[in-house]
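Some notes on the structure that comes next.
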Amino acid sequence: MNTESRNLYFDNAATSWPKPEPVYGAAERYLRRASGNPGRTGSTQTIAAERALYQARESLARFFNAADPSRIVFTFNATDALNMALKGTLAPGDHVLYTAMEHNSVLRPLGGLKRAGLISTQMIPCSEEGLPDLDFLERALRRRTRLLAVNHVSNICGAIAPLKEMLALAHRHGAVLLVDAAQSAGVLPIDVQALPIDLLAFTGHKGLLGPAGTGGLYVRPGLELKPWREGGTGSFSEQDRQPESMPERLEAGTLNGPGLAGLIEGLNFIEEQGLEQIRSREMALSAYLRAKLSPIPGLTLHGPAEPSRCTAVLSLTMAGVDCGELGYTLESAYGILSRTGLHCAPLAHRALGTFPEGTVRLSPGVFTAEADLAYLAGALAEIAKDKARKG
Ligand SMILES: Cc1ncc(COP(=O)(O)O)c(C=O)c1O
Numbered sequence: 330m331n332t333e334s335r336n337l338y339f340d341n342a343a344t345s346w347p348k349p350e351p352v353y354g355a356a357e358r359y360l361r362r363a364s365g366n367p368g369r370t371g372s373t374q375t376i377a378a379e380r381a382l383y384q385a386r387e388s389l390a391r392f393f394n395a396a397d398p399s400r401i402v403f404t405f406n407a408t409d410a411l412n413m414a415l416k417g418t419l420a421p422g423d424h425v426l427y428t429a430m431e432h433n434s435v436l437r438p439l440g441g442l443k444r445a446g447l448i449s450t451q452m453i454p455c456s457e458e459g460l461p462d463l464d465f466l467e468r469a470l471r472r473r474t475r476l477l478a479v480n481h482v483s484n485i486c487g488a489i490a491p492l493k494e495m496l497a498l499a500h501r502h503g504a505v506l507l508v509d510a511a512q513s514a515g516v517l518p519i520d521v522q523a524l525p526i527d528l529l530a531f532t533g534h535k536g537l538l539g540p541a542g543t544g545g546l547y548v549r550p551g552l553e554l555k556p557w558r559e560g561g562t563g564s565f566s567e568q569d570r571q572p573e574s575m576p577e578r579l580e581a582g583t584l585n586g587p588g589l590a591g592l593i594e595g596l597n598f599i600e601e602q603g604l605e606q607i608r609s610r611e612m613a614l615s616a617y618l619r620a621k622l623s624p625i626p627g628l629t630l631h632g633p634a635e636p637s638r639c640t641a642v643l644s645l646t647m648a649g650v651d652c653g654e655l656g657y658t659l660e661s662a663y664g665i666l667s668r669t670g671l672h673c674a675p676l677a678h679r680a681l682g683t684f685p686e687g688t689v690r691l692s693p694g695v696f697t698a699e700a701d702l703a704y705l706a707g708a709l710a711e712i713a714k715d716k717a718r719k720g
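According to my numbering, the sequence shown is numbered sequentially starting from 330.
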């Protein structure tokens with residue numbers, strides 16, 4: 330294979346790259362021209378910065394169809410939003426359910442609260458395809474269950490959780506549904522009115538195509554969280570308590586203006602392309618890649634095989650080849666960037682049967698071409714052949 334000067338990025342589930350061109354320009358323009366501190370003074374620069382934040386909140390509200398933009402709270406990533414959601418909602422004595430597909434950004438805050446003796450938790454097992462056991466969930470919900478945490482899309486195998494059914498079960502038992510949309514925002518349509526999700530945590534630097542250091546939490550009207558971080562908001566400064574009104578109730582300190590200016594352009598790009606278009610193309614690419622990889626001897630693809638039941642995130646293992654070694658060979662010999670190991674989701678690997686070694690994760694993005702997938706499949710076929718030859 331001709332591998333000269335290849336640099337193929339298959340790690341969009343970690344962070345999307347490249348970004349649409351206007352994302353870079355918007356962040357730079359903000360830094361050069363709009364860097365006042367929003368809400369703090371009335372200078373022209375400050376007003377320009379405030380306008381960018383206002384626009385980012387409006388764009389995100391429109392994107393998720395939230396009726397009231399003040400229910401979108403800016404955070405620095407999904408981890409931040411998930412911590413805010415969990416620590417702002419849960420009280421001593423609460424019972425919490427979470428699925429086996431959760432990321433450490435849910436497992437660790439829950440583990441901490443549990444170790445402190447504040448809450449009790451229970452895991453909902455998932456199948457080898459990464460799908461939660463809904464009968465188990467129904468049986469596990471009880472009077473004290475305050476919250477159900479669900480990873481919308483697995484960051485390992487792309488499996489899509491049945492949100493509608495899970496939401497119905499949670500609400501029937503009076504529990505709040507927290508959706509981790511780190512892997513689904515910008516990839517699958519999310520409408521918080523059509524599907525009345527209580528808490529939606531998202532990150533800006535993956536499918537939403539914005540810079541790192543951006544993200545948010547949507548909080549359903551009527552649900553008031555305890556502030557998780559407190560500090561300056563530029564409003565009610567005479568008081569030593571966090572303002573009651575949203576979003577200041579949950580936002581404090583200087584926000585990531587340049588990042589949010591870039592995120593607006595990421596959202597614009599998705600709107601221009603059309604999310605449905607992006608999803609259809611992704612499903613076609615995913616089907617193509619699976620068709621090319623399935624016949625390769627010794628290769629196992631993990632997660633759902635049907636493209637409509639997963640996103641383009643794909644995990645694989647090769648018989649007799651360590652994941653780290655496979656990832657290294659892909660990069661050093663073919664210029665293909667993947668991510669290997671446990672992907673911060675150890676329980677999900679247990680469900681998929683890939684614990685403790687993990688998998689090699691390949692995640693194409695909006696700028697991945699079919700030719701890139703053909704090259705990737707060729708590289709894996711060559712490595713498998715080489716392995717078979719050497720025994
Ligand atoms: C499912 C899932 N949840 C949460 C996160 C955390 O996202 P962030 O790093 O933006 O906080 C990730 C990141 O990989 C993820 O895949």
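We put the CB at the ideal spot given by N, CA and C, even for glycine.
Residue range of the alpha helix (DSSP H) that residue i falls in?
{"i": "T408", "result": "A407 to T418"}
{"i": "F465", "result": "L463 to A469"}
{"i": "L389", "result": "T373 to F392"}
{"i": "A342", "result": "It is not in any alpha helix (DSSP H) - A342 carries neither H nor E in the DSSP assignment."}
{"i": "K714", "result": "E699 to K719"}
{"i": "R634", "result": "Looking at the sequence provided, one finds Ala at residue 634 rather than Arg. That residue, A634, is in no alpha helix (DSSP H); it is neither H nor E in DSSP."}
{"i": "K555", "result": "Neither: K555 is in no alpha helix (DSSP H) and is coded neither H nor E."}
{"i": "S615", "result": "L604 to L622"}
{"i": "A581", "result": "That residue, A581, is in no alpha helix (DSSP H); it is neither H nor E in DSSP."}
{"i": "L538", "result": "Neither: L538 is in no alpha helix (DSSP H) and is coded neither H nor E."}
{"i": "A680", "result": "P675 to L681"}
Between which two residues does the beta strand (DSSP E) carrying residue i extend?
{"i": "V451", "result": "Before going on, a small fix: residue 451 reads as Gln here, not Val. Here the beta strand (DSSP E) through Q451 covers S449 to I453."}
{"i": "A478", "result": "T474 to N480"}
{"i": "L506", "result": "V505 to D509"}
{"i": "T646", "result": "L643 to M647"}
{"i": "H502", "result": "No beta strand (DSSP E) contains H502, which DSSP labels as neither H nor E."}
{"i": "L436", "result": "Note, L436: premise wrong, no beta strand (DSSP E); alpha helix (DSSP H) at N433 to R444."}
{"i": "L658", "result": "Reading off the sequence shown, one finds Thr at residue 658, where the question assumed Leu. Where T658 is concerned, there is no enclosing beta strand (DSSP E), although the alpha helix (DSSP H) it sits in stretches over C652 to Y663."}
{"i": "V521", "result": "Run containing V521: none; DSSP gives neither H nor E here."}
{"i": "R570", "result": "Counting along the chain, R570 falls outside any beta strand (DSSP E), and DSSP gives it neither H nor E."}
{"i": "L628", "result": "L628 to H631"}
{"i": "H424", "result": "H424 to T428"}
Below 6 Å CB to CB, which residues in the same chain sit around residue i once its five sequence neighbours on both sides are set aside?
{"i": "K443", "result": "T450"}
{"i": "M430", "result": "C455, G459, N480, S483 and A677"}
{"i": "K555", "result": "G417"}
{"i": "S345", "result": "K535, L538 and G694"}
{"i": "D520", "result": "N394"}
What are the residues that DSSP puts in a beta bridge with residue i?
{"i": "G545", "result": "F403 and F531"}
{"i": "R668", "result": "R690"}
{"i": "Y353", "result": "Paired residues: none, contrary to the question."}
{"i": "C734", "result": "Nothing about residue 734 can be reported from this structure: the residues present for the chain run from 330 to 720 only."}
{"i": "A514", "result": "L517"}
{"i": "L337", "result": "I665"}
Is any heavy atom of ligand 1 found at a distance shorter than 6 Å from the C-beta of residue i?
{"i": "Q412", "result": "This sequence places Asn at residue 412; Gln is not what is there. Incorrect: N412 has no Cβ contact closer than 6 Å to ligand 1."}
{"i": "A407", "result": "yes"}
{"i": "A511", "result": "yes"}
{"i": "N597", "result": "no"}
{"i": "H432", "result": "yes"}
{"i": "N585", "result": "no"}
{"i": "T532", "result": "yes"}
{"i": "N484", "result": "yes"}
{"i": "N394", "result": "no"}
{"i": "N336", "result": "no"}
{"i": "N341", "result": "no"}
{"i": "N366", "result": "no"}
Only counting the same chain, and skipping five residues up and downstream in sequence, which positions put a Cβ closer than 7 Å to that of residue i?
{"i": "N585", "result": "F405, G542 and T543"}
{"i": "D409", "result": "G544"}
{"i": "T583", "result": "N366"}
What does a CB cutoff of less than 8 Å around residue i pick up in its chain, not counting 5 residues either side in sequence?
{"i": "V505", "result": "T418, R475, L476, L477, A499, D527, L528 and L552"}
{"i": "R608", "result": "V516, L517 and P518"}
{"i": "A363", "result": "Q374, A377, A378, R380, A381, G586 and A590"}
{"i": "A523", "result": "N394"}
Kindly indicate if chain D contains any beta-carbon less than 7 Å away from that of residue i.
{"i": "Q384", "result": "The structure shown contains no chain D, having only a single protein chain."}
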